[in-house]
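One structure below.
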Amino acid sequence: MKKIIGLFIMLGLVFVGCGKQAPTPGVTDTEIIIGNIQDLSGPMKELGAVLPSGSNVYFRYINEAGGVHGRKIKMLVEDHQYNPQKAVVAAKKLIEKDQVFCLYHVIGTSPCEALRPILAETGTPLIAPATQSGTMSDMTRPAGNLIFHTDTGYDKQTVILVDYILKDNANAKIGIIYQDDDYGENVLKGASEAEASQGISIQKEAYQRGATDFAGQVGNMIKGGATHVIIAGVVKEPIIVMKTAAAMGYSPKFFGTSPTMDHRVSLAAGPAGEGFISANFANLWNSDAPSAVKYRELCAQYEVPKAYMGMYHFYGYITAKVLVEGLKRAGKNLTRERLINGLETLNKWDSGAFPPITYNSKDHAGTESVILVQVKDGVQTVITDWID
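One rule links them: number in our numbering = place in the sequence shown (from 1) + 11.
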């Protein structure tokens with residue numbers, strides 16, 4: 012009899028256990044813990060502190076107003092040194108040990124691509140990866156349903172830049188200096204599309220991530236007779252390329268994909284950077300766009316160092332807005348699935364900075380437009396409307 016009673020008790024416990032829903036990782040009654048992986052000590056370390064600082068400006072603003080459905084947002088940041096393997100290690104720590112709810116704004120194309128298996132295995136969303144690679148919005152790739160992109164892809168940007176150059180310069184000879192990794196691969200995809208549609212041949216010169224000497228690439232552009240050069244770098248690469256070209260007496264018209272859009276490029280490049288045109292996926296941080304105005308107000312209120320303020324810091328801020336909007340739409344009973352469903356209700360949503368953002372179950376690209384920004388008298392000036 013005792014054995015029978017014991018059996019019923021055990022079965023009862025099993026059924027009670029089955030009836031309980033497992034707690035959502037990173038979510039308590041008062042807090043949402045998210046994970047961010049940056050380059051804090053590698054070739055892009057100048058951005059490593061800036062991006063999460065910008066995000067925390069907006070998270071602080073939201074937290075001080077009571078959080079999202081009563082929960083405060085806490086962001087944990089790890090360092091991957093722009094190394095894909097270290098990015099995977101950092102992600103495993105954040106997901107398995109720290110039990111974060113989602114990953115957010117991880118920097119770098121190759122590091123983000125390396126995370127696909129662990130995202131798919133654990134069902135962890137990655138919101139607003141800090142890369143403009145068009146591969147991030149490819150829903151056919153592993154974990155494609157878990158990644159929400161906010162920026163126009165490098166491939167699309169390259170096509171737009173080539174079209175812009177040829178519009179008024181039909182005989183232009185175009186060259187591209189690109190990073191030899193996943194970032195550059197997406198740029199080359201756009202270059203191939205532009206070559207096919209325009210019936211041209213584009214000169215292509217690669218460089219290794221972290222390179223500081225571009226004399227060879229610039230020399231090859233001179234030999235090839237390139238009149239217009241697109242630099243697919245980040246911050247230091249366009250500065251070095253343009254200064255190297257000036258020192259070699261070479262003066263083509265320079266352009267850049269969106270990672271080169273930071274105002275510090277023109278400041279550091281000096282006269283060599285005058286006229287530089289870059290693609291930009293959002294309104295400028297110092298513009299009259301609603302989010303830019305609020306951003307500057309909060310930076311002043313929170314006494315953010317002026318050296319931090321700029322497009323990359325603003326990038327952190329405006330992508331945080333996207334995540335928060337998804338959390339709001341997910342509702343009080345927050346789960347990863349509800350976050351995904353919430354984000355997929357965004358339809359031409361106005362962030363006050365990005366072009367209108369749209370997500371649905373078949374498309375996580377977010378946006379497909381850029382504006383072009385030119386350095387005039389050392390100051391960045393928007394020279395186009397949104398181009399798609």
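The beta carbon of each residue, even a glycine, is placed where N, CA and C say it ideally should be. Given the structure is predicted, the values throughout are model-derived calculations rather than measurements.
Query: Do Gln168 and Ala290 have their C-beta atoms within less than 7 angstroms of each other?; Result: yes
Query: Under 6 angstroms Cβ to Cβ from Asp273, same chain only, skipping five residues before and after it: list those, please.; Result: Val246, Gly321, Met322, Tyr323
Query: Cα-Cα, which of Ser269, Lys234, Gly235, Thr223 is closest to Met253?; Result: Thr223
Query: Of the residues Ile129, Ile73, Leu199, Gly59, which one's Cα is nearest the Cα of Ala331?; Result: Ile73
Query: Suppose the cutoff is 6 angstroms on Cβ atoms and the five residues either side in sequence are ignored; what does the same chain contact list for Phe266 look like?; Result: Leu172, Ile241, Ile288
Query: What does Ile187 pair with, by DSSP beta-bridge criteria?; Result: Lys215, Ile241
Query: Using a Cβ-Cβ cutoff of less than 8 angstroms, which residues in the same chain neighbour Leu64 once the five nearest sequence positions on both sides are dropped?; Result: Note that residue 64 is Ser in the sequence shown here, rather than Leu. Counting only Cβ-Cβ distances below 8 angstroms, and skipping sequence neighbours, we find Val315, Tyr319, His324, Gly327.
Query: Does the distance from the C-beta atom of Thr135 to that of Ile176 stay below 7 angstroms?; Result: no
Query: Assign Phe159 to one of three DSSP states: helix, strand, or coil.; Result: strand
Query: What residue range is occupied by the uninterrupted alpha helix (DSSP H) comprising His116?; Result: First-last for His116: undefined, no H or E at that position.
Query: Can you pull the DSSP bridge partners for Arg82?; Result: Val79
Query: Alpha carbon to alpha carbon, what distance is there between His116 and Leu354?; Result: 15 angstroms
Query: Between Glu132, Gln49, Leu58, Thr142, which has its C-alpha nearest Lys97's C-alpha?; Result: Gln49
Query: Cα-Cα, which of Thr151, Gly236, Gly59, Val381 is closest to Arg127?; Result: Thr151
Query: Out of Pro34, Asn67, Ser52, which one is the CA nearest neighbour of Leu309?; Result: Asn67
Query: Under a three-way DSSP split, which group does Phe265 fall into?; Result: strand
Query: Going by CA-CA distance only, name the one from Asp374, Ile329, Glu57, Pro366 that's closest to Ile351.; Result: Asp374
Query: Tell me the residue span of the alpha helix (DSSP H) that contains Ser121.; Result: 120 to 125
Query: Using three-state DSSP, classify Gly145 as helix, strand or coil.; Result: helix
Query: Counting beta carbon pairs with one atom in the region 200 to 218 and one in the region 226 to 235, are three or more of them shorter than 8 angstroms?; Result: yes
Query: Do Met147 and Ile158 have their C-beta atoms within less than 7 angstroms of each other?; Result: yes
Query: Exposed or buried, what is Tyr69 when buried is set at 16 or more other beta-carbons lying within 10 Å of its beta-carbon?; Result: buried
Query: Under the rule that 16 or more other beta-carbon atoms within 10 Å means buried, what is Asn344, buried or exposed?; Result: exposed
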